[in-house]
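Inspection log for the structure reproduced underneath, given as structure tokens.
Structure below.
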């Protein structure tokens with residue numbers, strides 16, 4: 010899988026979980042302390058997000074970072 | 010846990026796995042396509058590494074990204 014596809018797959022995974030929890034991008038941004046535009050970019054696979062932001066998003070979704078990364082397995 | 014401690018914990022986890030596999034930092038750098046100094050910085054908790062590098066290091070260690078991040082749980 011190309012690196013772009015990995016980012017896209019991870020972004021889609023986050024979007025799926027966010028929607029399953031009934032959260033808007035705005036709400037996930039608030040919960041994770043990140044900007045809404047950043048969340049949008051992550052979900053579109055445009056961001057090679059850093060570990061600390063992976064941790065923030067995971068915790069905002071009530072998951073561990075390793076659980077969140079299962080979306081890449 | 011502070012963000013620095015999260016990076017330090019993750020770095021130590023990578024070092025532990027690398028050593029358990031009998032790999033030097035040089036060998037892990039080669040396997041992952043990253044620079045040896047970068048690997049050293051990651052292991053010392055000095056790098057907020059991006060997702061694609063997490064994936065590269067995980068695969069170089071023969072693991073999935075989610076398995077590698079279990080070190081943060």
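Chains as they are written, first to last, in this note's numbering: chain A, 10 to 82; chain L, 10 to 82.
Built from N, CA and C at the ideal position, the CB exists for glycine as well.
Around the C-beta of residue 52/L, are 16 or more other C-beta atoms found within 10 angstroms, so that it is buried, or is it exposed?
So residue 52/L ends up on the buried side.
Name, going along the chain, the residues of the stretch 43-69 of chain A whose beta-carbon falls closer than 8 Å to a beta-carbon of chain L.
Residues of the stretch 43-69 of chain A with a C-beta less than 8 Å from any C-beta of chain L: 57, 58, 59, 60, 61, 63 and 64, listed in chain order.
Chain L partners of residue 81/A, CB-CB under 8 Å?
Under the 8 Å cutoff, chain L gives 64, 73, 74 and 75.
Does any C-beta atom of chain A lie closer than 7 Å to the C-beta of residue 78/L?
At least one chain A Cβ lies under 7 Å of residue 78/L.
With 16 other CB atoms within 10 Å as the buried threshold, where does residue 33/A fall?
Burial is judged here by how many other beta carbons sit within 10 angstroms of a residue's own beta carbon; residue 33/A has fewer than 16 and is exposed.
For residue 72/L, which residues from the same chain have a beta carbon less than 8 Å from its beta carbon, with the 5 sequence-adjacent residues on both sides left out?
Answer for residue 72/L: 26, listed in chain order.
Just reading off the alpha helix (DSSP H) that residue 30/L is part of, what are its end residues?
Premise fails: residue 30/L is in no alpha helix (DSSP H) and is neither H nor E.
Which bits of chain L does residue 12/A rub up against, with CB to CB less than 7 Å?
Under the 7 Å cutoff, chain L gives 61.
Within 7 Å, strictly: CB atoms of residue 67/A and residue 77/A:
In this structure, residue 67/A places its C-beta atom within 7 Å of the C-beta atom of residue 77/A.
Bridge partners of residue 38/A, per DSSP?
As DSSP reads the structure, residue 38/A sits in no beta bridge.
Once you ignore the five residues that flank residue 14/L on each side, which residues in its own chain have a CB closer than 6 Å to its CB?
Contacts found: none.
Going along the chain, which residues of the stretch 18-45 of chain A sit with their C-beta nearer than 7 Å to a C-beta in chain L?
Flagged, chain order: 19.
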